[in-house]
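Take 1 as the starting number for the sequence shown in this note's numbering and just add one per residue.
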Amino acid sequence: MNYQVSEDNSGIKVRLSGELSFVSNKEFKALIDKLGGSKGRPLTFDLADVSHIDSVGLGLLYIAKEEVGPATGKIRLKSPKSNVLKLLHLTEAETDFDIEP
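Structure representation (structure tokens):
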């Protein structure tokens, strides 16, 4: 997993790429620590370049929701590929995240 963080007037955007899985655990948690100081700004994870997500990767998004979400409001998941979107729908993630196909 790789990521790029950018900020503008609309909030913080994190562009993820590669696989979001168990292997990403340590790096993703470091990212969440970095985002902890977001001070109530909206947070978007751009998933357009995420090729695969497994149950651990989904769990990492929920960790982000718990750790950073209260400060930023609902987290937006943007542009997931069809296989990632399928997992998000199967797990009813839209009840916890704003999903923009």
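Cβ coordinates follow ideal geometry from the N, Cα and C atoms, glycine included. Being a predicted model, the structure only gives us computed values, none of them experimental.
When DSSP states are grouped into helix, strand and coil, T95 belongs to the helix group. Counting along the chain, K78 sits inside the beta strand (DSSP E) bounded by residues 76-78. Taking C-beta atoms as the reference points, D46 and V14 count as a pair closer than 8 Å. Secondary structure note for V5: it is in no alpha helix (DSSP H), and the uninterrupted beta strand (DSSP E) holding it is 2-8. Put simply, the backbone Cα of E66 is about 10 Å away from that of D96. Taken through DSSP and simplified to helix, strand or coil, S82 comes out as helix. The residue among S55, L43, V5 with its C-alpha nearest the C-alpha of E19 is S55.
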